[in-house]
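Using full-length UniProt numbering, read the sequence shown as starting at 1 and increasing by one per residue.
For glycine and all other residues, C-beta sits at the position ideal for the given N, C-alpha and C.
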Amino acid sequence: MRLLPLLVSLTLLQAGAAASGCVLDDKRAANPEEHNEALFEQGLCFEEASQFAEAKEAFEAILATQETPRLNFELGKTYLQLGLGQEGLQQFQRALDSNPPPEVQDLIAAEVARVGLVPESVLTGLHTASGLAGSGWHGDMRIGRIYDSNVNSGPVSDTVMLFGLPFQLNSDAKPRSDMGTKYAGHLSYRVLSETSGFDISGGAEGTVFDNASDWNRNTFNLDATKFWTHQNTLGGISVSTSADLLDQEVLRRMTMGSVLGKWQPKSWNGSLLLGGTVSGGRVLYGGTSAYAATRTSLTLESVYQPSGTGKVFGQVVLAKEDAESDLNTFTEAGVTMGAEKSWTANLGFKEASKVTVDVTDSVTRRKYQGYNVLFDATREDTVHRVSGAIEVSLPVGAVLVSLTSETSRSTISLYQTKHQVVGLEWHVPF
Numbered sequence: 001m002r003l004l005p006l007l008v009s010l011t012l013l014q015a016g017a018a019a020s021g022c023v024l025d026d027k028r029a030a031n032p033e034e035h036n037e038a039l040f041e042q043g044l045c046f047e048e049a050s051q052f053a054e055a056k057e058a059f060e061a062i063l064a065t066q067e068t069p070r071l072n073f074e075l076g077k078t079y080l081q082l083g084l085g086q087e088g089l090q091q092f093q094r095a096l097d098s099n100p101p102p103e104v105q106d107l108i109a110a111e112v113a114r115v116g117l118v119p120e121s122v123l124t125g126l127h128t129a130s131g132l133a134g135s136g137w138h139g140d141m142r143i144g145r146i147y148d149s150n151v152n153s154g155p156v157s158d159t160v161m162l163f164g165l166p167f168q169l170n171s172d173a174k175p176r177s178d179m180g181t182k183y184a185g186h187l188s189y190r191v192l193s194e195t196s197g198f199d200i201s202g203g204a205e206g207t208v209f210d211n212a213s214d215w216n217r218n219t220f221n222l223d224a225t226k227f228w229t230h231q232n233t234l235g236g237i238s239v240s241t242s243a244d245l246l247d248q249e250v251l252r253r254m255t256m257g258s259v260l261g262k263w264q265p266k267s268w269n270g271s272l273l274l275g276g277t278v279s280g281g282r283v284l285y286g287g288t289s290a291y292a293a294t295r296t297s298l299t300l301e302s303v304y305q306p307s308g309t310g311k312v313f314g315q316v317v318l319a320k321e322d323a324e325s326d327l328n329t330f331t332e333a334g335v336t337m338g339a340e341k342s343w344t345a346n347l348g349f350k351e352a353s354k355v356t357v358d359v360t361d362s363v364t365r366r367k368y369q370g371y372n373v374l375f376d377a378t379r380e381d382t383v384h385r386v387s388g389a390i391e392v393s394l395p396v397g398a399v400l401v402s403l404t405s406e407t408s409r410s411t412i413s414l415y416q417t418k419h420q421v422v423g424l425e426w427h428v429p430f
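Following this line, the structure appears as structure tokens:
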């Protein structure tokens with residue numbers, strides 16, 4: 001019975017093999033024990049020659065008698081190249097169901113993101129390609145050290161008693177820099193099917209400074225996300241609650257949206273994201289309360305996939321914020337272009353403006369307008385990924401720099417922010 005797939009595969013692949021040079025070794029092909037291995041090597045050869053129809057036939061012939069995670073992965077890649085998105089995702093899921101090593105899981109997630117079946121920038125809080133990690137428990141932890149050269153720049157003051165009289169110390173009288181420890185830990189439980197999923201997670205994160213304890217932050221959060229897919233579209237809703245112990249602040253946020261568009265390789269792809277974040281809650285200050293801001297956004301994205309190894313993309317984001325005491329309008333628009341290969345380089349430009357009008361005094365108007373120019377580059381292979389980014393904000397002149405080295409099991413990040421914060425973090429998923 002094992003000779004039947006051999007005869008079928010030899011018949012189907014003879015013409016394509018002669019044209020590409022991907023010819024089976026007759027001796028190995030005639031040996032039932034080595035037949036599948038020889039046929040698999042031929043399928044890989046067809047992939048390299050961009051003969052994906054022939055590669056599909058080779059891998060499917062093996063699948064008739066044997067199934068492995070690697071075979072599912074290669075067959076899934078071939079399906080994607082032929083525009084068979086759902087079939088490709090099914091093969092990836094079959095590979096994940098066998099609980100392969102983390103490196104294989106990362107390869108599958110990277111392949112889905114590369115061909116753009118589900119765009120990476122769908123919606124913050126909703127799972128995209130990373131959601132293919134599978135059902136069950138997932139978690140991660142981060143720990144790092146930071147240096148803040150501007151830690152006491154905010155409106156924080158202390159009162160001391162001198163000669164029996166109260167004197168107030170403003171922020172200028174405090175140390176201007178300090179070091180601290182950053183920590184974060186999250187645990188989630190995920191249930192996935194072929195067309196939908198549910199995720200609930202909780203965690204804690206914060207920063208503890210060595211001396212400037214007024215600026216310590218310890219936050220706990222709980223999130224629930226429901227998402228679904230249909231013919232390469234994605235939608236979902238996410239509800240989260242977070243509490244800051246220092247400020248006694250509780251916020252409730254809801255994010256929802258949907259991406260519209262058909263995602264196929266080697267073509268123009270477009271998406272329209274309608275969604276936003278609504279934040280509301282009570283901040284307790286001596287019995288008084290305040291209402292937090294709301295934010296709505298619109299995202300337009302277009303992707304061009306000229307080949308299996310390249311991608312050019314653009315994105316425009318418009319956002320608006322409103323608060324109870326002030327009318328804040330924040331608009332951000334930007335376009336990022338890049339070409340994705342083993343090296344990925346993106347050059348972007350975005351403009352941000354904000355106008356604040358005091359509702360109690362219409363004469364008071366404050367306007368901010370700035371420009372950001374950013375560049376980032378990434379080098380990755382099947383095991384390691386190294387990326388760096390630099391962003392310059394004008395007219396302020398602030399510079400953001402980050403450098404990240406990651407494998408499938410850990411991430412080390414070095415960064416500098418606009419607020420003169422330099423940090424080093426170690427991230428371990430489990």
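- The Cβ atoms of Pro69 and Ala38 lie no closer than 8 Å to each other.
- Looking at the backbone, the Cα of Leu75 and that of Lys56 are separated by about 6 Å.
- For Gly136, the uninterrupted beta strand (DSSP E) segment begins and ends at Gly136 to Asp148.
- As computed with DSSP, Glu205 is found in a beta bridge with Ala184 and Thr219.
- Using a 10 angstroms sphere on the CB of Trp137, the tally of other CB atoms stays under 16, which defines it as exposed.
- In this structure, Asp199 places its C-beta atom within 8 Å of the C-beta atom of Thr225.
- Note on geometry: alpha-carbon atoms of Glu34 and Val191 lie some 39 Å from one another.
- Looking at the backbone, the Cα of Tyr183 and that of Phe209 are separated by about 11 Å.
- In the three-state reduction of the DSSP assignment, Gly388 falls in the strand class.
- Inter-residue distance for Gly144 and Tyr79 is about 42 Å (C-alpha atoms, whole angstroms).
- The Cβ atoms of Gln81 and Ala58 lie no closer than 8 Å to each other.
- Rounded to whole angstroms, the separation of the alpha carbons of Phe40 and His186 is 40 Å.
- The C-alpha of Asn36 is placed about 43 Å away from the C-alpha of Ser201.
- Judged by DSSP in its simplified three-state form, Asp178 adopts strand.
- For Thr181 and Asp214, the gap between their C-alpha atoms comes out near 14 Å.
- Counting the other CB atoms within 10 Å of its CB gives Ala212 a total of 16 or more, which places it among the buried residues.
- Around the beta carbon of Leu222, fewer than 16 other beta carbons lie within 10 angstroms, which makes this residue exposed.
- In the DSSP assignment, Asn72 falls within the alpha helix (DSSP H) that extends over Pro69 to Gln81.
- Per DSSP, the continuous alpha helix (DSSP H) segment holding Leu63 begins and ends at Phe52 to Leu63.
- Gln105 sits in a helix when the DSSP states are folded into three classes.
- For Glu60 and Gln66, the gap between their C-alpha atoms comes out near 10 Å.
- Around the C-beta of Val386, fewer than 16 other C-beta atoms lie within 10 Å, and the residue is accordingly described as exposed.
- Around the beta carbon of Glu48, a 10 Å sphere encloses fewer than 16 other beta carbons of the protein chains shown; the residue is thus reported as exposed.
- DSSP, reduced to helix, strand and coil, places Leu24 outside both helices and strands of the structure shown, so it counts as coil.
- In its chain, beyond the 5 residues on either side, Pro69 have a beta carbon closer than 6 Å to the beta carbon of Ser98.
- Leu89 has its alpha-carbon roughly 13 Å from the corresponding atom of Leu71.
- In the structure shown, Asn36 falls within a helical segment according to DSSP collapsed to helix, strand and coil.
- The beta carbons of Phe73 and Leu107 sit about 7 Å from each other, so the pair counts as a contact at 8 Å.
- Straight through space, the alpha carbons of Arg28 and Pro101 are spaced by roughly 29 Å.
- Less than 8 Å divides the Cβ of Asp148 from the Cβ of Ser177.
- For the 8 Å CB-CB criterion, Glu54 and Lys77 do not form a contact.
- The DSSP-derived three-state label of Ala212 is coil.
- Cβ neighbours of Leu24 within its own chain (closer than 6 Å, five residues either side excluded): Ala38 and Gln42.
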